[in-house]
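**Student:** I am attaching a structure below and will ask some questions about it afterwards.
Number of protein chains: 2
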Amino acid sequence: MNNKIKWLREKLKGLNLQGMIVSNPTNIKYLTGIEAEGTLLITLRENIFITDSRYIESVNTILTIDDEILVNDKKHLSKDDYASFFMFCENVGFEEKYVTYYDYMNYMHMYRVNLMETEGIIESQRIVKDDREIENIKKACEITDKCFEYLKTFIKRGMTEKEIAFEIERFMKINGADGVSFEPIVASGHNSSMPHAVPTTRKIKEGDIILLDFGCRYKGYCSDITRTIFVNYVEDEYREVYDLVLKNNEMTLNDIKEGANIKVLTRNINDDLKLHGYVAMHAPGHGVGLDIHEQPIFTTNYDNMLKANMVVAIEPRNICSRKVWS
Amino acid sequence: MNNKIKWLREKLKGLNLQGMIVSNPTNIKYLTGIEAEGTLLITLRENIFITDSRYIESVNTILTIDDEILVNDKKHLSKDDYASFFMFCENVGFEEKYVTYYDYMNYMHMYRVNLMETEGIIESQRIVKDDREIENIKKACEITDKCFEYLKTFIKRGMTEKEIAFEIERFMKINGADGVSFEPIVASGHNSSMPHAVPTTRKIKEGDIILLDFGCRYKGYCSDITRTIFVNYVEDEYREVYDLVLKNNEMTLNDIKEGANIKVLTRNINDDLKLHGYVAMHAPGHGVGLDIHEQPIFTTNYDNMLKANMVVAIEPRNICSRKVWS
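Going line by line, the protein sequences match chains Z and A.
Going by our numbering, the residue at position 16 of the first sequence is 276; the numbering climbs one at a time, nothing skipped.
Going by our numbering, the residue at position 70 of the second sequence is 330; the numbering climbs one at a time, nothing skipped.
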C-alpha cells in the first residue's frame, strides 16, 4: 500500500473510524494519483475506487500493484455491494466540507453506516509535502519565474491588462505547465489597489504601477507569484509603500523556518504596516500544493507552527495599497 | 421586485416554504445579476444579500431600487440578526445539491429554522429563458460560429491539438466573449473517439478526422458547438458514420418544437443508430444557459416536453464513434 494511504489508515484508527469515503477529487489525486470522476473507499480490508466505464482504462494505467486499490465500475455494483463495503464498520468518516447534503443523504442510504465528520484530516496530511511533491512545485515555480522575466520584456505601453493576462496563459502552456493555477491578475494604475482585480481593457501608461499575481500548475501542483512593477519611473509616494512591502516580504522570507509561528509572522507584518500608517488588506501568505490555497493560512487567530517540507507563498503585495489610493 | 424573484416567491408559497437560502452563485446571478461571494435570503418580508466588504461596492452598482434587495456586510451581523431573518417562518428551503453537509449544519445553527430540500426549484425556473437571456446566448453563439469559420482557415497539418485549443481561447477573448464556456475539445485521429478527450500534442495529419467541441460565454451565458472536420479527404468508413450523425442532427433540429418530447427525440436517435449497427455513446443534447450543462437533459428515462424559450444544444457528435474505431 502506498505511504499516503498507510498514513491515513493509521490516523483513522486513532479517531476510532473503521473506514472513510473520500469524495474530493484533489484528495483522491493526492492519495492515489488518480484523476478521474469517482469515489475512493478506505474500508477495513481494502481500498476501492468506484468509477465508471469512461475512466476504467486510464485509472488502471496509473495504478500499480503496490497501490493495492481495487477499481470497480459502478455499473456492476448492486445495492448489496454498496451495503457490504463497510461491513463490520461502526463509524466511517466522510468529507463534510466537500460532500453536499444531498450526497450525504445518499451515502447514508447506500453504505448503511454511521457517517462521521473528519475535519479536514486529509487536508492536514497534505500540508507537509514529500520529495516528489516538492519537485513538482519547484518545477512549477521555475516556469513561473521564467514567465516573470519574460513579462518584463514583453509588457509595453498601450497593451491592455487583458492582453498581458492572456500572454501569461500562453507562456505557461507552451513552457511545459499544465496551465495557469488561477486566472492571472494584471491590475494597473488605480486598479492595482484591488486585491482580486479582474484584468480589464485599460491600457498600460507611462508611470503606471502594475500588480501581477499569477502562477502555473505542473503535474497538478501549483505555484503562485506576486510582483509589482513600474513603467519607466516610480512616483515617490509609490516607492515608499513599495519599499515598505518589500522590506516585510524579505523579513518574512527570512523568518520562515521550522518551528516559526505563522501567527507571530503575520502579526509582525500587520504591526509594521500600522507603525507606518498603513492597514493590511489581505493575508500575507498561504500554503500551496495541489490547491492554490491550502493550509497553513497566515492568520493571527491561532498558533500555527511551520514544519519541515511545508510549502507557503508569501505575498504581502497589496496589503497596504488602500492608503495609497484613497 | 424583479420578475424572477417574484416568480420564485410564488413557487415557494405553493411548496409551503416561507423563505429560501440561495447559496449557488449561478442561481444568485440568475435571480439578481449579482456576481459576488455571498448568500441570498428570500425571507417573508425582504430579499437580503449577505456578502463581505470586498463586494459591497460592486454589488450596489449592479442593483437598482426595483430589485428590492437589501445588501448586508456580514461583518456587521450578529447571531441574533441571523436568527431573526426567518422569524415567523416554519419551513425554509435550501439547495441540497449545492450546500455541503458542513454548511447545512451551520445554517441550522445560524438561522434556527426547519431546512427543507427544494429539488432544484431555481434550476427548473432557469430552463425557460427571458428575452435578455436569449439575446446573450445568441451573441455567444454568433461569436462561436465566427470562431468555427475562422478555425477552418486556421487549422493546418503539423499543428498540435493543444495549439488549436489555445487558438480557440484566444479567438473568444479578443472577439468580445468573457472567455470559453468550457475547456475546448480538439481531438484528432484516434483521439476523436473519446467523448471527453483532452487536447494533446498530437499533430494534425493529412486525412485526419478532427472533432471540435467548444463554446464561449457572453455576459455569463454559454454557447456550445460540436463539429467534425476532415483534413483534405474523407475515408469511406468515416463518411458513412459522419453522414449518419449529420442526418440525425438535422432530423432532431427539425423536430425541436414546442411540445416535442425529448424522450422521444432521444429514442429516435438511439434507434436509428442501432438500426445501422452503431451504439450511442453520449447524450445527444442538453440545455444551455448560465451553466454549460443545464436542464433539459436528453434522456430516455422520463418524459420531458419542450417549452417555448427553452435553449438546447444538439450534439450527436461522437455518439457512434466507438464502432468506427474499435
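Ideal Cβ placement from N, Cα and C applies to all residues, glycine included.
Out of Z/Met-454, Z/Tyr-410 and Z/Pro-459, point me to the one whose CA is closest to A/Lys-433's CA.
**Tutor:** Residue 433 of chain A sits at position 173 when you count from the first residue of the second sequence. Per the Cα distances, Z/Pro-459.
**Student:** Got a sec? Which residues, its chain only, sit under 8 Å from Z/Met-419 by beta carbon, not counting five neighbours each side?
**Tutor:** Here the question's residue 419 of chain Z lines up with position 159 in the first sequence. Hits under 8 Å: Lys-463 and Ile-464.
**Student:** I'd like to know whether the C-beta of A/Lys-357 is nearer than 9 Å to at least one C-beta of chain Z.
**Tutor:** Walking along the second sequence from the start, residue 357 of chain A turns up at place 97. With 9 Å as the cut-off, A/Lys-357 counts as an interface residue toward chain Z.
**Student:** To be precise: take each residue of the region 359 to 381 of chain Z, compare its Cβ to all Cβ atoms of chain A, and keep it if any distance is under 7 Å. Which residues remain?
**Tutor:** If the cut-off is 7 Å between Cβ atoms, the region 359 to 381 of chain Z has Val-359, Thr-360, Tyr-361, Tyr-362 and Tyr-364 near chain A.
**Student:** Where does A/Phe-474 sit, in a helix, a strand or coil, going by DSSP?
**Tutor:** Translated into positions along the second sequence, residue 474 of chain A becomes position 214. Strand, per DSSP.
**Student:** Starting from the beta carbon of A/Arg-430, find every residue of chain Z whose beta carbon is closer than 8 Å, and list them in chain order.
**Tutor:** Start at 1 with the first residue of the second sequence, and residue 430 of chain A comes out as number 170. The contacting residues are Phe-426 and Arg-430.
**Student:** Can you tell me whether Z/Ala-437 is buried or exposed, with buried defined as 16 or more other CB within 10 angstroms of its CB?
**Tutor:** Residue mapping note: residue 437 of chain Z aligns to position 177 of the first sequence, counting from 1. Its Cβ being crowded by 16 or more others within 10 Å, Z/Ala-437 is buried.
**Student:** Which whole runs of the alpha helix (DSSP H) in the region 312 to 362 of chain A are 4 residues long or more, in chain order?
**Tutor:** DSSP runs (the alpha helix (DSSP H)) wholly in the region 312 to 362 of chain A: 313 to 322 and 339 to 345.
**Student:** For the candidate residues A/Arg-499, A/Ile-522, A/Asp-333 and A/Ile-529, whose alpha-carbon lies nearest to that of A/Glu-511?
**Tutor:** Taking the second sequence and counting its residues from 1, one reaches residue 511 of chain A at position 251. With the sequence shown as reference, residue 511 of chain A is identified as Met, and Glu is not the correct amino acid for it. A/Met-511 has its Cα closest to that of A/Ile-529, out of A/Arg-499, A/Ile-522, A/Asp-333 and A/Ile-529.
**Student:** Do you know how far the Cα of Z/Tyr-358 is from the Cα of Z/His-553?
**Tutor:** Indexing the first sequence from 1 puts residue 553 of chain Z at position 293. Indexing the first sequence from 1 puts residue 358 of chain Z at position 98. Whole-angstrom Cα-Cα distance: 15 Å.
**Student:** Along chain A, which residues have their Cβ under 9 Å away from the Cβ of Z/Asp-399?
**Tutor:** Start at 1 with the first residue of the first sequence, and residue 399 of chain Z comes out as number 139. For the record, residue 399 of chain Z in the displayed sequence is Lys; it is not Asp. Going along chain A, no residue has its Cβ under 9 Å from Z/Lys-399, so there is no contact; the nearest lies around 18 Å.
**Student:** Of all the CB atoms in chain A, is at least one closer than 9 Å to the CB of Z/Phe-354?
**Tutor:** Indexing the first sequence from 1 puts residue 354 of chain Z at position 94. At least one chain A Cβ lies under 9 Å of Z/Phe-354.
**Student:** Do you know whose CA, among A/Lys-398, A/Gly-519 and A/Thr-378, lies nearest A/Leu-550's CA?
**Tutor:** Position 290 of the second sequence, counted from the first residue, corresponds to residue 550 of chain A. When each option's Cα is compared against that of A/Leu-550, the closest is A/Lys-398.
**Student:** Just verifying my parser: in three-state terms, what is the DSSP assignment at Z/Ser-542?
**Tutor:** Position 282 of the first sequence holds residue 542 of chain Z. It is His, not Ser, that sits at residue 542 of chain Z in the sequence shown. In the structure shown, Z/His-542 sits in coil (DSSP, three-state: anything other than H, G, I, E or B).
**Student:** Output needed in chain order: residues of the region 327 to 339 of chain Z with a Cβ under 9 Å from some Cβ in chain A.
**Tutor:** For the region 327 to 339 of chain Z, which is checked against every Cβ of chain A, not one residue is closer than 9 Å.
**Student:** Counting only C-beta atoms, is Z/Lys-422 closer than 9 Å to chain A at any point?
**Tutor:** The residue you call residue 422 of chain Z lines up with position 162 of the first sequence. Answer yes: the Cβ-Cβ gap between Z/Lys-422 and chain A drops below 9 Å somewhere.
**Student:** Can you check which of these residues, A/Arg-314, A/Ile-329 and A/Ala-573, is closest to A/Asn-509 by C-alpha distance?
**Tutor:** For the purposes of this step, residue 509 of chain A is taken as residue 249 along the second sequence, with counting starting at 1. With distances taken between Cα atoms, A/Asn-509 lies closest to A/Ala-573.
**Student:** Which complete beta strand (DSSP E) runs does the region 461 to 520 of chain A hold, if anything under 3 residues is left out?
**Tutor:** Those beta strand (DSSP E) runs which fall completely within the region 461 to 520 of chain A and span 3+ residues are 469 to 474, 476 to 478 and 485 to 490.
**Student:** Using beta-carbon positions only, say whether A/Tyr-371 and A/Val-352 come within less than 9 Å of one another.
**Tutor:** Along the second sequence, read from residue 1 onward, the residue named residue 371 of chain A stands at position 111. Along the second sequence, read from residue 1 onward, the residue named residue 352 of chain A stands at position 92. Yes, the Cβ-Cβ distance between A/Tyr-371 and A/Val-352 is below 9 Å.
**Student:** Cα-Cα, which of A/Asp-468, A/Ala-457, A/Leu-472 and A/Glu-377 is closest to A/Glu-409?
**Tutor:** Taking the second sequence and counting its residues from 1, the one referred to as residue 409 of chain A is at position 149. Here the closest residue by C-alpha is A/Leu-472.
**Student:** Do you know whose CA, among A/Leu-375, A/Met-454 and A/Ile-265, lies nearest A/Asp-326's CA?
**Tutor:** Here residue 326 of chain A refers to the residue found at position 66 when the second sequence is read from its first residue. That would be A/Ile-265, whose Cα lies nearest to the Cα of A/Asp-326.
**Student:** Compare the Cα-Cα distances from Z/Ser-230 to each of Z/Ile-302, Z/Ile-382 and Z/Glu-395 and report the closest residue.
**Tutor:** Outside the displayed range of chain Z (261 to 586) lies residue 230 of chain Z, so it cannot be described from this structure.
**Student:** Ordered along the chain, which non-local residues of its own chain (more than five positions away) have a Cβ less than 6 Å from that of A/Asn-287?
**Tutor:** What you label residue 287 of chain A is simply residue 27 of the second sequence in a count that begins at 1. Within the same chain, A/Asn-287 has close Cβ partners Ile-382.
**Student:** In the DSSP assignment, what residue or residues form a beta bridge with Z/Val-282?
**Tutor:** For the purposes of this step, residue 282 of chain Z is taken as residue 22 along the first sequence, with counting starting at 1. Bridge partners of Z/Val-282: Z/Leu-300.
**Student:** CB-CB under 8 Å to A/Met-368, same chain, minus the five flanking residues each way: which ones, in chain order?
**Tutor:** Sequence index remark: in the second sequence, residue 368 of chain A carries index 108 (1-based). If we look at A/Met-368 and ignore the five residues flanking it on each side, its Cβ neighbours are Leu-375.
**Student:** Quick one: is A/Phe-426 buried, meaning 16 or more other Cβ sit within 10 Å of its Cβ, or exposed?
**Tutor:** For the purposes of this step, residue 426 of chain A is identified with residue 166 of the second sequence, where counting begins at 1. Looking at its Cβ environment, which holds 16 or more other Cβ atoms inside 10 Å, A/Phe-426 is buried.
**Student:** Report yes if the C-beta distance between A/Ile-470 and A/Ile-485 is below 9 Å; otherwise report no.
**Tutor:** Mapped onto the second sequence, residue 470 of chain A falls at position 210. Mapped onto the second sequence, residue 485 of chain A falls at position 225. Not in contact: A/Ile-470 and A/Ile-485 (Cβ atoms no closer than 9 Å).
**Student:** Could you tell me which chain Z residues have their CB closer than 8 Å to the CB of A/Lys-433, listed as they occur along the chain?
**Tutor:** The residue you call residue 433 of chain A lines up with position 173 of the second sequence. Going along chain Z in sequence order, the residues near A/Lys-433 (Cβ under 8 Å) are Lys-422 and Phe-426.
**Student:** Buried or exposed, going by whether 16 or more other CB atoms sit within 10 Å of the CB of A/Ser-581?
**Tutor:** Within the second sequence, the letter at position 321 stands for residue 581 of chain A. Any reading at A/Ser-581 is ruled out, since the residue's pLDDT is 43, under 50, leaving its predicted position unreliable.
**Student:** Taking only the alpha-carbon atoms, compute the straight-line gap between A/Leu-533 and A/Asn-561 and give it to the nearest angstrom.
**Tutor:** Taking the second sequence and counting its residues from 1, the one referred to as residue 533 of chain A is at position 273. Taking the second sequence and counting its residues from 1, the one referred to as residue 561 of chain A is at position 301. Rounded to the nearest angstrom, the two C-alpha atoms are 18 Å apart.
**Student:** Are there 16 or more other CB atoms within 10 angstroms of the CB of A/Ser-338, so buried, or fewer, so exposed?
**Tutor:** On the second sequence, residue 338 of chain A is found 78 positions in, with the first residue counted as 1. Exposed.
**Student:** What would DSSP say about A/Leu-535, mapped onto helix, strand or coil?
**Tutor:** Here residue 535 of chain A refers to the residue found at position 275 when the second sequence is read from its first residue. If DSSP states are grouped into helix, strand and coil, A/Leu-535 belongs with the helices.
**Student:** What is the DSSP secondary structure of Z/Leu-268, counted as helix, strand or coil?
**Tutor:** Indexing the first sequence from 1 puts residue 268 of chain Z at position 8. In the structure shown, Z/Leu-268 sits in a helix (DSSP, three-state: H, G or I).
**Student:** In terms of DSSP beta bridges, what is Z/Phe-442 paired with?
**Tutor:** For this step, residue 442 of chain Z is matched to residue 182 along the first sequence. Partner(s): none; Z/Phe-442 has no beta bridge.
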